Amino acid sequence: MTEKNISIESWENLLAERVRNPGARRAALKYIEKLTAAGVPPIFDFEQLSELVGVNRGILAGLVENAEAFYRSFTIPKRSDGFREISSPAPTLLMIQKWIKTNILDEIPVHDAAHGFVRGRSVVTFAKAHVNKTALLHIDVSDFFPSISLKRVYVMFRDIGYAPNVSLFLARLCCAGGRLPQGAPTSPSISNIVFSRLDARLSGLARVAGLEYTRYADNIALSGSHINIRLIELISNILLDQSFKINRKKTYLSTRNGKRIIAGISVAGERLSLPRETKRNLRQQVHGLLKYGFFEHTAHIGDLDPIYAERLVGRLLFWKHVEPHNQFVSSAIQSIRDVQTTLDYKP
198 MTEKNISIES WENLLAERVR NPGARRAALK YIEKLTAAGV PPIFDFEQLS
248 ELVGVNRGIL AGLVENAEAF YRSFTIPKRS DGFREISSPA PTLLMIQKWI
298 KTNILDEIPV HDAAHGFVRG RSVVTFAKAH VNKTALLHID VSDFFPSISL
348 KRVYVMFRDI GYAPNVSLFL ARLCCAGGRL PQGAPTSPSI SNIVFSRLDA
398 RLSGLARVAG LEYTRYADNI ALSGSHINIR LIELISNILL DQSFKINRKK
448 TYLSTRNGKR IIAGISVAGE RLSLPRETKR NLRQQVHGLL KYGFFEHTAH
498 IGDLDPIYAE RLVGRLLFWK HVEPHNQFVS SAIQSIRDVQ TTLDYKP
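Per the working numbering, the sequence shown runs over residues 198 to 544.
Structure follows, in structure tokens:
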């Protein structure tokens, strides 16, 4: 049984045995009640945190004092131009972060407008609110995770109810170089919790303007019958007030018929779909792979990645998620998987 599951009565008995001062006992019980009501485990000190996460105190101290030394950084290409830096935590730190996510962060509610990294919501639910609207505003937030500082993460844990010392321990275990790293399992949940107040503020602004508002990680979308272009600057100032900046290159306002794409999904029609160019590209890749086989096709297009077929299936599964009744997608996925069962990837 973990501290998260211990009843208040059991805590009272434990405190009666270990804490003699009645005032200190009352304060400790009040602390426990607040955290228990939030659904998170009460943590009093470093020693207890060490026991909960199952890591030796000396090792845990090293992680708390110098967490950034326990990350491996690398870059991956973005869907658009450029590269994204990923910071992958070492196994022990990863285990601790997963514990924090499961036992603490997953218990904290986030705003209804947040659709990224939330159970039961997805990029599809994010985009669905904006289908076939006359006006669409898409705003991209620059450096989303790194914009969230150690201090802000510390305040988040304090707001949950943890004591200052415990909040600092937890914040340091979730940050690297004083910022939220992209690659830690805790970062998505923390970003949603931290951004909840902004979600509430932007959602209220949208409601007053008669607009729909949703957010998927660093993608913000508003839609309705009419959007004043000055809304971009207003939202920019609101975000800047909380140390977030918008990416001007990926921010646009659409008020005419034509392309309406958010997070790789077209919302221009009466239902969600993949953009035509994306569909055409995927059809060509499927055709080439099935007709010429893995080696000849990948050599022809200059993509010799050994997991090319898996990547293609992944993109097709995304297409199926957006258009679940598309027969071509289901057939293509099955055909490629049949190809993958052969030794030389030939049909």
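Just so it is clear, CB atoms sit at the ideal spot from N, CA and C, and this is done for glycine as well.
These figures come from a predicted structure and were not determined experimentally.
Nonlocal neighbours in the same chain, by C-beta distance under 6 Å from residue i, ignoring five residues either side
{"i": "L290", "result": "L260 and F267"}
{"i": "L471", "result": "W516 and V519"}
{"i": "M353", "result": "I390 and V391"}
{"i": "F271", "result": "I283"}
{"i": "K280", "result": "For the sequence presented, residue 280 should be read as Phe rather than Lys. Within the same chain, F280 has close Cβ partners T272 and P274."}
Nonlocal neighbours in the same chain, by C-beta distance under 7 Å from residue i, ignoring five residues either side
{"i": "P544", "result": "Its pLDDT being 44, under 50, P544 is placed unreliably by the model, and nothing is read from it."}
{"i": "I297", "result": "L367, L370, C371 and T383"}
{"i": "R457", "result": "L333, S451, S463, V464 and A465"}
{"i": "S339", "result": "K442, I443 and N444"}
{"i": "A373", "result": "A264, E265, Y268 and S284"}
Chain-order list of residues whose beta-carbon lies under 8 Å from that of residue i (same chain, five-residue window excluded)
{"i": "K517", "result": "N523, V526, S527 and I530"}
{"i": "R534", "result": "V510"}
{"i": "D541", "result": "The predicted position of D541 is uncertain, since its pLDDT is 49 and thus under 50; no value can be drawn from it."}
{"i": "A506", "result": "L486, F491, I533, V536, Q537 and Y542"}
{"i": "E256", "result": "In the sequence as presented, Glu is not what sits at residue 256; that position holds Ile. Cβ within range, chain order: T289."}
{"i": "M198", "result": "Unreliable placement is indicated for M198, whose pLDDT of 41 sits below 50; no coordinate value is reported for it."}
Cβ-Cβ separation, residue j to residue i (assumed contact under 8 Å), whole Å
{"i": "L334", "j": "A460", "result": "14 Å between Cβ atoms; not a contact."}
{"i": "E304", "j": "G236", "result": "4 Å"}
{"i": "Q294", "j": "A414", "result": "Actually they do not touch by this definition, with Cβ atoms about 18 Å apart."}
{"i": "L395", "j": "Q439", "result": "6 Å"}
{"i": "L479", "j": "R512", "result": "6 Å"}
{"i": "H312", "j": "R412", "result": "7 Å"}
{"i": "V363", "j": "L246", "result": "7 Å"}
{"i": "H327", "j": "E409", "result": "6 Å"}
{"i": "N329", "j": "E467", "result": "5 Å"}
Beta-carbon gap between residue i and residue j smaller than 9 Å
{"i": "N416", "j": "D337", "result": "yes"}
{"i": "A310", "j": "L436", "result": "no"}
{"i": "A314", "j": "S420", "result": "According to the sequence shown, residue 314 is Phe rather than Ala. Not a contact, by the Cβ cut-off of 9 Å."}
{"i": "S284", "j": "P378", "result": "yes"}
{"i": "F241", "j": "R254", "result": "no"}
{"i": "A403", "j": "N425", "result": "no"}
{"i": "L302", "j": "S386", "result": "yes"}
{"i": "R376", "j": "P343", "result": "yes"}
{"i": "T331", "j": "S433", "result": "no"}
Taking only runs of the alpha helix (DSSP H) that begin and end inside the stretch 356-392, which ones reach a length of at least 4 residues, in chain order?
-> Listed in chain order, they are 361-371.
In chain order, which alpha helix (DSSP H) runs of at least 4 residues are fully inside the stretch 397-437?
-> As summarised for the stretch 397-437, the continuous alpha helix (DSSP H) elements at least 4 residues long and confined to that stretch are 427-437, given in chain order.
Uninterrupted alpha helix (DSSP H) stretches inside the stretch 249-325 (no shorter than 4 residues) | The qualifying runs are 254-262, 288-300 and 320-325.
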